[in-house]
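Structure, as structure tokens:
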């Protein structure tokens with residue numbers, strides 16, 4: 012098994028134990044009960060591609076609480092093969108920001124991961140209109156304007172439990188610090204600290220950490236997915252069906268070249284304004300980013316032992 016338990020005792024680097032906290036409220040599990048195989052989804056880590064393969068294998072998509080209830084306890088865990096895929100922590104955060112920032116940087120009422128609003132329904136006319144407005148604002152902004160917007164965005168960006176205040180969904184995302192939450196920017200480990208109580212819930216004094224049987228990495232996606240298939244075949248749990256496994260060239264992310272020593276070095280592609288703002292980050296802003304992903308830096312050290320851009324900032 013791949014162990015994340017040591018980060019619980021370390022408190023995620025914040026002096027706080029995560030041992031008794033419930034998992035993030037929108038963690039999804041794609042499970043195949045017949046074969047006892049489950050994929051814990053981590054957004055921005057090839058999750059869409061992986062869940063597509065799982066769907067063709069006959070997986071059911073469910074919230075993590077339902078999956079935990081299905082297990083019921085330690086005896087129910089026996090025989091299940093649970094896996095996930097991760098991404099280098101800072102690369103993951105930058106990718107998540109590029110997807111979420113159109114909904115968060117510009118200070119208008121937002122859609123975000125833990126709220127349900129009619130205007131946020133994917134594919135709806137209201138959502139398309141909102142997306143168009145946000146893209147227009149982003150493309151018309153100067154890098155200096157984007158840098159200032161990023162300051163406000165970083166002050167509001169948070170992760171953790173959804174506030175119980177009923178008016179929270181109606182607030183603009185930037186209305187107060189820590190209220191803009193988005194599943195794409197959450198620390199990855201936040202979605203993997205899943206505890207199972209003997210009563211079938213996610214809490215309780217007897218709750219135990221659901222360990223992953225395999226943790227793949229986006230940077231070696233094709234190689235790791237083929238290793239996953241080999242492991243399942245050896246255990247007699249590989250689902251049958253015509254599923255083309257990914258080719259190495261399709262989803263692998265190159266790790267060659269110069270070390271990325273600054274947050275801005277992780278940003279490229281058709282997000283010139285956002286990337287320009289990141290490249291202007293001073294040490295204070297860079298430290299905020301590294302503090303935000305500190306849970307991943309603590310918990311995922313076995314997979315990503317060093318993030319050069321955060322060296323000396325924490």
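Residue numbers (the numbering used here): 12 to 325.
Ideal Cβ positions, reconstructed from N, Cα and C, are used throughout, including at glycine.
- Residue 228 carries a strand assignment under DSSP once its states are collapsed to helix, strand and coil.
- As computed with DSSP, residue 93 is found in a beta bridge with 49.
- When secondary structure is reduced to three states using DSSP, residue 144 falls in the helix class.
- Here the C-alpha atom of residue 289 lies approximately 11 angstroms from the C-alpha atom of residue 159.
- Membership of residue 73 in the beta strand (DSSP E) is indicated by the continuous run 71-74.
- Where residue 157 is concerned, the enclosing alpha helix (DSSP H) starts and stops at 154-167.
- Between residue 286 and the set 66, 86, 155, the nearest pair of CA atoms involves 155.
- Taking a C-beta distance under 8 angstroms as the contact criterion, residue 198 and residue 37 do not qualify as a contact pair.
- Residue burial is scored here from C-beta neighbours: residue 67 has fewer than 16 other C-beta atoms within 10 angstroms and is therefore classed as exposed.
- With distances taken between CA atoms, residue 70 lies nearest to 249 out of 136, 137, 278, 249.
- In this model, residue 273 and residue 314 are separated by some 20 angstroms (Cα to Cα).
- Around residue 46, the same chain offers 248, 250 as residues with beta carbons nearer than 6 angstroms, after the five sequence neighbours per side are excluded.
- For residue 68, the secondary structure class from DSSP, reduced to helix, strand or coil, is coil.
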